[in-house]
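Taken in sequence, the protein lines are chains A and B.
Taking my numbering, the leading residue of the first sequence gets 1, the next gets one more, and so forth.
Taking my numbering, the leading residue of the second sequence gets 1, the next gets one more, and so forth.
Note that CB positions come from ideal geometry on N, CA and C, so glycine has one too.
Protein chains: 2
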Amino acid sequence: MPVKLKRKPKGTYHHPDLQVALVEAALQTIRKTGVDSLTLRDVGLRLGVSRTALYRHFKDKSALLARLALEGFRVFHQTLQSAVDQAHTNKKDPLEEMGMAYVNFAMANQSHYKTMFSDSICTWGDYPDLAVEADGAFAVLVNTIAAEQRAGRIIAEDPARLAQVIWAGVHGLATLGMAGHLGSHNDIIHLARHHCHTLFTGLRPTPRNTTRRAKSTS
Amino acid sequence: MPVKLKRKPKGTYHHPDLQVALVEAALQTIRKTGVDSLTLRDVGLRLGVSRTALYRHFKDKSALLARLALEGFRVFHQTLQSAVDQAHTNKKDPLEEMGMAYVNFAMANQSHYKTMFSDSICTWGDYPDLAVEADGAFAVLVNTIAAEQRAGRIIAEDPARLAQVIWAGVHGLATLGMAGHLGSHNDIIHLARHHCHTLFTGLRPTPRNTTRRAKSTS
DNA sequence: ACCTGAACACCGTTCAAGT
DNA sequence: ACCTGAACACCGTTCAAGT
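What follows is the structure, given as structure tokens:
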């Protein structure tokens, strides 16, 4: 008389590919209850599998989180690129559209975005493919800046450096917005537009930009 | 009238003022090993006190963290204000100096800054005095913006809104910098200067700024 | 009123053992 | 090769009991 088993068809593995199933289950969990409440026991239970089965596919919990982050950067990459493309066909400012896409992605995928920048995996050096994927997303920003420079719409400085300047802005909007410090979702959207607009105004090539120093004039 | 209050036999297991001692010990711990590794057992052990003694003075661990955050906002407030004051006496741009002070504070007190914006206490509404203290620090930025507007050096828009725009930038620089994504400490400083400079250039009143406005909120 | 120590319900991780 | 179940060393928190 066997006790009632959960789900174990054919006496074989519950999932053909447990690795991707674990990632899928973890994604659902963090989307529903947040990253901080993600437990290995929970993802195991959700798949009808032991809570230690995960260790056959991932070194530890951090490795699982790094994998989630990697997947996040992949779709993030796509999202940013398609925003640039659409801006091009719609005759809109590519950088501004990308900035808005950035903030919108973070707000729509808060747990995933937090995972991508989580402290527990922030040393991207420990996860080489994660670093590669993150660099790929960052490259969209750098390339767009370079293109805008060629078109003469952005001041000619190191594109990677300008990319970091812009990145800081949208990342700040995203994190403060997620923390609820910038008001409603609608407030955040308008604020992001405002921030991007201000930043890109300051980056437009004009003699005044190059003459101004730290101390104020007038 | 010397000495008041004498109700505890000195030299026993009773601590003179355990409440502040707990805060002090917790601060040392997070500064040394980071917020995530802060355990109530550890702070108790450090004071030679039971690990549950804390519950006589704080509702739970979140309340302790909120208290740490509150203290953080207090000195943060002071830091920002004195940066503005020094800029005034030294004829420098107050907003830019404040922005630099912001990023420098975060980099020099990483664990404390992270605690101040920790997800576990991000709903400042649960801790009213924390919200008050945070608003106090934010007010320094708003007031400085208003002063700059009166001097005609900043575009005339809602100061609170402009403050959020600037806040997002420096917060993004701080968090990305702490995560190690912006290079060395020196790189971050220069990047922050760059970001602030760009932002404030975009905020200077000039007809050009109004030609490309984002749709206004109403 | 303040603090303790045991107890409880969690957690990530390891490991010998099963299939 | 893949997975299990017990075990281990941690957590935060509660509670009856001590002073």
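When secondary structure is reduced to three states using DSSP, Y127 (chain B) falls in the coil class, being assigned neither helix nor strand. Those residues of the segment 105-118 of chain B placed with their C-beta closer than 7 angstroms to a C-beta in chain A are F117, ordered along the chain. Taking CB atoms only, D126 (chain A) has no neighbour in chain B less than 8 angstroms away. Any Cβ of chain A closer than 8 angstroms to the Cβ of L199 (chain B) would place that residue at the interface, and such an atom is present.
Secondary structure note for Y55 (chain A): it is in no alpha helix (DSSP H), with a DSSP letter that is neither H nor E.
In this structure, H15 (chain A) places its C-beta atom within 8 angstroms of the C-beta atom of L47 (chain A). At a C-beta separation below 8 angstroms, A179 (chain A) has these neighbours in chain B: F117, D119, C122. By the CB criterion at 8 angstroms, G169 (chain A) and A160 (chain B) fall outside the cutoff.
For a cut-off of 8 angstroms, the C-beta gap from A179 (chain B) to C196 (chain A) is around 22 angstroms, too long to register as a contact. In the three-state reduction of the DSSP assignment, P159 (chain B) falls in the helix class. Residue environment analysis places V20 (chain A) among the exposed positions, since fewer than 16 neighbouring C-beta atoms fall within 10 angstroms of its C-beta. Cα atoms of A174 (chain B) and V142 (chain A): separation of roughly 21 angstroms, rounded to the nearest angstrom. Interface residue (Cβ-Cβ distance to chain A less than 8 angstroms): G172 (chain B) is classified as such. Ranked by Cα distance from A131 (chain B), the first of B:Q149, B:F73, B:T52, B:T79 is B:F73.
Judged by their CB atoms, E96 (chain B) and Q86 (chain B) are not nearer to each other than the 8 angstroms cut-off.
DSSP places H185 (chain A) in the uninterrupted alpha helix (DSSP H) bounded by 185-203.
By the neighbour-count criterion, in which 16 or more other beta carbons inside 10 Å mark a residue as buried, A156 (chain A) falls on the exposed side. At the C-beta level, P205 (chain A) and I166 (chain A) stay beyond 8 angstroms of one another. Annotated three-state conformation of K32 (chain A) is helix, per DSSP.
For T39 (chain A), no CB of chain B lies under 8 angstroms from its own CB, so it is not counted at the interface with that chain. Residues of chain A whose Cβ lies closer than 8 angstroms to the Cβ of H88 (chain B) do not exist, since the nearest Cβ in that chain is about 11 angstroms away. Under the DSSP assignment, P16 (chain B) falls outside any alpha helix (DSSP H); it carries neither an H nor an E label.
Residues of chain B whose Cβ lies closer than 8 angstroms to the Cβ of V165 (chain A) are, in chain order, L191, H194, H195, T198.
Under the DSSP assignment, K114 (chain B) falls in the alpha helix (DSSP H) whose first and last residues are 110-116. Contact of R161 (chain B) with chain A by beta-carbon distance below 8 angstroms involves L191, H194. Boundaries of the alpha helix (DSSP H) around S62 (chain A): 61-89. Counting the other CB atoms within 10 Å of its CB gives H190 (chain B) a total below 16, which places it among the exposed residues. Under a criterion of Cβ atoms nearer than 8 angstroms, no residue of chain A is adjacent to T33 (chain B); the nearest Cβ is some 13 angstroms distant.
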